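Protein chains in written order, with the numbering used here: chain A, 2 to 258; chain B, 6 to 521. We put the CB at the ideal spot given by N, CA and C, even for glycine. Just so it is clear, the structure is predicted and the values come from calculations on it, not from any experiment. So the structure is just underneath, and the comments pick up after that.
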Amino acid sequence: MKILKPILIIAVGYLLLKVGIPFVGSKLHPGTWPVVPTSVLKMYMFFVVAGTLLFSTFSEDGYAGIVGPVADIYTNPKKGLLRFVSIMIVGSLGAYVAYQYVKPTFDAPVELRSIHPAPPSTVKMWGKSYSLQTLKNPLRADKANFAKNVEEGGIVFFQNCFFCHGDRMLGKGPFYQGFNPMPANFVDVGTIAQLTESFVFWRIGTGGPGLPSEATPWLSAMPIWHHLLSEEQIWKVILFLYDYTGHSPRVTAAQAH
Amino acid sequence: MTLTIRRSKFTSRIIFLAALFYVSVSGAAMAAPGNAENGSKIYLKKCWWCHGKEGEADGPAAKFLIPPPRDFSMGVYKYTTAKPGSEVTRDEDLFNMISNGMPGTAMPSWRQVLNEQERWDLVAFIKTLTDMFEDMKDPPEISYGSKVASSPESIEKGKKLFKETKCFECHGELGKGNTMKKLKEDSGHRVWPRNFHKPWTFRGGYTPEAIFARISNGIPNTPMPAHAADKTGNGKLSVEDRWHVVNFVMSLADDERRVKDGENVIKGQQVPQIPKDEKDPVWDSVDGTAFYLVPQIIQKDRFFIPSNDMVYVKVAFTADEIAFLVEVDDRTKSVPGDKIVESLSWDGLSPDGIAVQTPVIIPESSEKPYFGHGDKAHAVSMLYWNSGSVDKGSVSAILTATGTKTREPSDAKSAGFTTSASYDNGTWKVMMKRKMITPNKDKDTQFVVGKYIPVAFANWDGSNGERGSKHTMTTWYWLLLKPETGSEVVAYPAAVFLILVVGQFAFAAMGRRKEN
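Below, the structure is given as structure tokens:
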């Protein structure tokens with residue numbers, strides 16, 4: 002029964018991808034079940050199947066162990082019924098796969114977008130040019146007025162941003178459900194926690210339309226904030242975001258000096 | 006003997022579990038010892054932005070919100086499960102509002118962010134912002150009596166009571182909230198009655214018990230009156246009657262028109278003949294899709310206080326023509342010149358309007374026009390309708406835009422563009438029809454079958470101060486005009502099956518010949 006071993010390996014591989022990875026993900030981010038996309042799953046399974054077959058047919062013995070039982074089903078005169086059933090099963094599987102390709106669906110096309118695209122080196126707002134490499138939040142050094150600036154940033158946030166990004170900063174404001182891409186979740190470690198303040202300044206200032214094309218600027222509902230807010234208001238709201246969530250901005254070597 | 010022992014063991018286990026359950030449940034209900042001082046710290050970090058530092062509903066966000074944030078200095082709460090006639094709300098009501106949030110308002114659920122003790126601390130704190138709770142005991146819960154299970158008879162009784170009690174004057178004949186009166190909260194803010202077809206927008210939740218409590222206690226501070234009968238059982242509605250009304254209200258839920266997560270493609274359906282208007286029975290056989298409407302908060306002048314919350318869209322097409330049916334639940338039929346609607350409206354009366362937007366060039370890659378009016382490199386085509394005025398009737402236009410400032414008319418005649426609309430009991434139905442292909446290829450979308458076409462919608466509620474850039478809208482969704490399912494759905498799998506089966510038999514025969 003050597004043929005069982007490769008089948009078992011393939012089954013375990015499938016389960017690991019189908020359940021194992023989402024399970025690990027659900028432990029890292031409770032309340033989620035991050036499945037492996039079907040296209041990626043197919044690719045991995047191709048390697049699992051090919052690798053397992055290569056490995057188990059490597060020796061003469063192994064080859065015979067796998068090919069033998071298969072050949073037996075097709076040729077053994079005593080196994081006419083089994084032969085008929087297995088031929089029908091293989092045929093039906095093929096028909097099923099073909100049906101999956103031609104059946105009518107209304108699944109929306111998959112749109113991939115880069116969430117944190119590379120920023121430009123300079124950006125123009127309010128008629129001024131900013132170099133994002135060296136740009137710092139000018140209010141961060143002002144220790145005396147820090148609390149006041151944070152609170153003023155909070156007021157800017159709650160009069161402009163909270164409708165989408167929400168008062169819990171989870172990207173779930175009163176209107177978030179109507180937007181795709183979803184508003185950014187600032188508590189999550191994947192957003193402002195891994196960005197520099199100059200990057201956040203650029204993202205707020207030029208909004209959705211200021212994104213490069215790999216980040217689908219035509220979809221984002223983020224307003225072009227430099228049309229609506231002053232430079233100082235944006236720096237204040239950035240102070241507020243980091244203070245409220247307890248994250249620290251990343252700092253580049255150029256900004257540290 | 007063994008049997009008795011087993012049973013007694015079983016019984017004692019049940020008693021133990023029941024006791025445990027009682028302790029845990031009553032524990033939660035009594036866990037009121039919140040620490041107001043700690044609550045105050047949480048409040049000054051998370052709550053004051055809307056509710057104000059002193060709890061007077063004057064935080065920086067307050068002026069952008071309808072319904073407005075609660076004014077804690079008044080100590081009056083809208084959603085109470087206290088026994089009718091109680092002077093204050095139960096602590097548990099406050100706890101639940103903080104924990105669950107209120108659907109359709111800016112109040113989120115804080116369960117994810119604050120633990121149970123912190124939420125009780127907040128309850129303790131907000132009670133100190135008013136003198137209403139001084140020397141007050143936590144009032145007893147309302148008595149739900151014996152709940153009446155829903156049945157056609159009960160629903161029928163509830164419907165009758167709905168009429169007799171004149172609920173329809175505010176909630177509309179079909180319960181869609183299309184009021185006949187202009188309604189205000191005590192604070193002066195406008196308030197629209199709930200639409201019973203969308204119970205998921207009920208602020209206080211839509212369990213039968215929540216609705217029962219709402220009918221009994223009314224909604225303090227608003228025009229919604231209490232309907233509980235007095236102590237002697239006289240007047241208004243008895244416990245049983247209130248349950249009938251609950252069952253009637255719950256029977257109206259329309260899940261078909263609820264936005265479904267992940268459903269972002271309109272299933273355009275081929276029909277033998279294009280519907281002649283929005284009431285054509287052909288529409289009954291076409292699948293609809295619901296989308297959230299969000300206010301235009303992106304560009305000047307921004308708009309924050311929408312009244313309509315979703316569109317429900319169907320698309321039908323033939324070889325020559327395409328028709329959109331756009332439905333919007335709108336509490337008012339806003340047609341300027343109509344004196345009655347004028348008296349209901351806020352911030353002047355403008356026409357109601359609907360727009361459907363598609364790219365002029367259907368994109369081949371993921372690159373699309375900007376969802377708000379397109380952009381310089383990517384034009385969008387818009388089908389527009391508004392209710393016009395009593396004197397001149399409705400207005401419709403087919404437009405082309407490359408940004409909000411560059412919107413110009415295309416040719417309605419050569420596009421065969423016509424509209425037809427009607428308002429019935431709280432819902433606008435607007436049909437927009439045009440040719441699939443038009444002579445103006447650089448101005449109008451040329452619709453094709455089988456391609457995913459980006460589509461977006463906008464809506465104006467003219468009684469809600471919506472005009473110009475102040476309106477609700479969607480971002481891009483998809484429209485797929487699905488050709489009738491061809492023979493390939495059967496033919497391809499059948500061919501694969503045949504090839505595999507014949508091939509395998511041939512293979513088997515070959516193998517046997519070899520062995521022989």
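Simplified DSSP state of A/Thr123, which is helix, strand or coil
For the purposes of this step, residue 123 of chain A is identified with residue 122 of the first sequence, where counting begins at 1. DSSP, read as helix, strand or coil, puts A/Thr123 in strand.
Measure the Cβ-Cβ separation of B/Thr477 and B/Leu298 and say whether it is below 7 Å.
As a working note, residue 477 of chain B is residue 472 in the second sequence. As a working note, residue 298 of chain B is residue 293 in the second sequence. Cβ distance < 7 Å, so B/Thr477 and B/Leu298 count as in contact.
Does B/Ala111 come within less than 7 Å of chain A when only Cβ atoms are used?
Counted from its first residue, the second sequence places residue 111 of chain B at position 106. Chain A contact via Cβ: present.
Residue burial classification, B/Ala545 (beta-carbon count within 10 angstroms, cutoff 16)
In this structure chain B extends from 6 to 521, so residue 545 of chain B is not present and cannot be described.
Rounded distance between the beta-carbons of A/Ala255 and A/Thr58, thought under 8 Å
Taking the first residue of the first sequence as position 1, residue 58 of chain A is located at position 57. Taking the first residue of the first sequence as position 1, residue 255 of chain A is located at position 254. Not really, about 57 Å apart at Cβ, beyond 8 Å.
Answer yes or no: do B/Arg518 and A/Thr76 have a C-beta to C-beta separation smaller than 7 Å?
Against the second sequence, residue 518 of chain B aligns to sequence position 513. Against the first sequence, residue 76 of chain A aligns to sequence position 75. For B/Arg518 and A/Thr76, no; Cβs fall outside 7 Å.
Does the region 87-103 of chain A touch the region 176-184 of chain A, meaning 3 or more C-beta pairs lie closer than 8 Å?
no
Less than 6 Å separating the Cβ of B/Gly182 from some heavy atom of the ligand ZN?
No copy of the ligand ZN appears in this structure; indeed no ligand is present at all.
Using a Cβ-Cβ distance cut-off of 7 Å, determine whether A/Glu233 contacts chain B.
For the purposes of this step, residue 233 of chain A is taken as residue 232 along the first sequence, with counting starting at 1. Not closer than 7 Å to any Cβ of chain B, the Cβ of A/Glu233 fails to qualify, so no.
Which residue comes first and which comes last in the beta strand (DSSP E) that contains B/Val460?
Working through the second sequence from its first residue, we reach residue 460 of chain B at position 455. DSSP places B/Val460 in the uninterrupted beta strand (DSSP E) bounded by 457-465.
Helix or strand or just coil, what does DSSP make of A/Glu152?
Along the first sequence, read from residue 1 onward, the residue named residue 152 of chain A stands at position 151. Three-state DSSP puts A/Glu152 in a helix.
Using only alpha-carbon positions, find the residue among B/Gly377, B/Gly491, B/Phe130, B/Phe512 that is nearest to B/Ser78.
As a position in the second sequence, residue 78 of chain B is number 73, starting the count at 1. Nearest of B/Gly377, B/Gly491, B/Phe130, B/Phe512 to B/Ser78, Cα basis: B/Phe130.
With C-beta atoms as the reference, is B/Arg95 less than 7 Å away from B/Asp143?
Residue 95 of chain B sits at position 90 when you count from the first residue of the second sequence. Residue 143 of chain B sits at position 138 when you count from the first residue of the second sequence. Closer than 7 Å, so yes.
Taking only the alpha-carbon atoms, compute the straight-line gap between B/Arg472 and B/Ser151 and give it to the nearest angstrom.
On the second sequence, position 467 is the one that residue 472 of chain B refers to. On the second sequence, position 146 is the one that residue 151 of chain B refers to. If you take the alpha carbons of B/Arg472 and B/Ser151, they lie about 50 Å apart.
Counting only C-beta atoms, is A/Trp219 closer than 7 Å to chain B at any point?
Against the first sequence, residue 219 of chain A aligns to sequence position 218. Yes, A/Trp219 lies at the interface with chain B (some Cβ there is under 7 Å from its Cβ).
Are the region 169-182 of chain B and the region 201-208 of chain B touching by the rule of at least three beta carbon pairs closer than 8 Å?
yes
A/Val13: buried (16+ other C-beta within 10 angstroms of its C-beta) or exposed?
Against the first sequence, residue 13 of chain A aligns to sequence position 12. Flag for A/Val13 reads exposed.
Neighbour flag for B/Gly516 against chain A, beta carbons, 7 Å:
By 1-based counting over the second sequence, the position of residue 516 of chain B is 511. Interface residue, yes.
Whole angstroms are fine: how far does the CA of A/Ser93 sit from the CA of B/Leu119?
Mapped onto the second sequence, residue 119 of chain B falls at position 114. Mapped onto the first sequence, residue 93 of chain A falls at position 92. Approximately 54 Å between the Cα atoms of the pair.
Return no unless some Cβ of chain B is closer than 7 Å to the Cβ of A/Arg169.
For the purposes of this step, residue 169 of chain A is taken as the residue at position 168 of the first sequence. Yes - at least one Cβ of chain B is within 7 Å of the one on A/Arg169.
When the Cα of B/Tyr457 is compared with those of A/Tyr15, A/Glu112, A/Leu18, which residue comes out closest?
Looking up residue 457 of chain B in the second sequence gives position 452. Considering only alpha carbons, the answer is A/Glu112.
If we require 3 or more residues per run, which beta strand (DSSP E) segments fall completely within the region 370-435 of chain B?
385-394, 398-406, 412-414, 423-429
In terms of alpha-carbon separation, which member of B/Asp396, B/Glu372, B/Ser492, B/Val340 lies closest to B/Asp466?
Taking the second sequence and counting its residues from 1, the one referred to as residue 466 of chain B is at position 461. Closest option to B/Asp466, Cα to Cα, is B/Val340.
Extent of the continuous alpha helix (DSSP H) to which A/Leu240 belongs:
To locate residue 240 of chain A, count along the first sequence from 1; it is residue 239. It spans 232-246 - the alpha helix (DSSP H) in which A/Leu240 sits, taken as one unbroken run.
Compute the beta-carbon to beta-carbon distance between B/Asn226 and B/Val81, rounded to the nearest angstrom, for a pair I have assumed lies under 8 Å.
In the second sequence, residue 226 of chain B corresponds to position 221, counting from 1. In the second sequence, residue 81 of chain B corresponds to position 76, counting from 1. Indeed, because the Cβ distance is near 5 Å, the residues count as touching under 8 Å.
Can you list, in chain order, the residues of its chain with a C-beta nearer than 8 Å to that of B/Ser348? Leave out the 5 residues immediately preceding and following it.
Looking up residue 348 of chain B in the second sequence gives position 343. Cβ neighbours of B/Ser348 beyond the five flanking positions: Lys187.
Since B/Glu326 contacts B/Met441 with CB under 8 Å, what's their CB separation in whole angstroms?
Taking the second sequence and counting its residues from 1, the one referred to as residue 326 of chain B is at position 321. Taking the second sequence and counting its residues from 1, the one referred to as residue 441 of chain B is at position 436. So it is a contact: roughly 6 Å between Cβ atoms.
Classify A/Ala12 as helix, strand or coil using the three-state DSSP reduction.
Counting from 1 along the first sequence, the entry for residue 12 of chain A is found at position 11. The answer is helix: DSSP assigns A/Ala12 an H, G or I state.
Can you tell me whether A/Ile90 is helix, strand or coil according to DSSP?
Reading the first sequence from its first residue, position 89 is the one you call residue 90 of chain A. Helix at A/Ile90.
Whole angstroms is fine: what's the gap from A/Thr105's alpha carbon to B/Trp481's?
One-based indexing of the first sequence puts residue 105 of chain A at position 104. One-based indexing of the second sequence puts residue 481 of chain B at position 476. Correcting the residue identity first, residue 105 of chain A is Pro in this sequence and not Thr. Each residue's Cα considered, the two are about 22 Å apart.
Below 8 Å CB to CB, which residues in the same chain sit around B/Pro113 once its five sequence neighbours on both sides are set aside?
Against the second sequence, residue 113 of chain B aligns to sequence position 108. Cβ within range, chain order: Gly106.
Residues of its chain near A/Phe241, where Cβ-Cβ distance is below 6 Å and the 5 sequence neighbours each way are ignored:
Along the first sequence, read from residue 1 onward, the residue named residue 241 of chain A stands at position 240. So the list reads Val151, Gly154, Gly155, Phe158, once near-sequence residues are dropped.
Which chain A residues sit within Cβ distance under 7 Å of B/Tyr297?
Within the second sequence, residue 297 of chain B is the residue found at index 292, counting from 1. Under the 7 Å cutoff, chain A gives Gln178, Gly179.
Within the continuous alpha helix (DSSP H) that includes B/Trp248, where are the two ends?
Locating residue 248 of chain B in the second sequence gives position 243, where the first residue counts as 1. Per DSSP, B/Trp248 belongs to the alpha helix (DSSP H) from 244-256.
Could you tell me which chain B residues have their CB closer than 8 Å to the CB of A/Lys265, listed as they occur along the chain?
As displayed, chain A neither begins before 2 nor continues past 258, which places residue 265 of chain A out of reach and without an answer.
Is it buried or exposed, A/Phe56, if we count other Cβ atoms within 10 angstroms and call 16 or more buried?
Along the first sequence, read from residue 1 onward, the residue named residue 56 of chain A stands at position 55. The residue is exposed, with fewer than 16 neighbouring Cβ atoms inside 10 Å.
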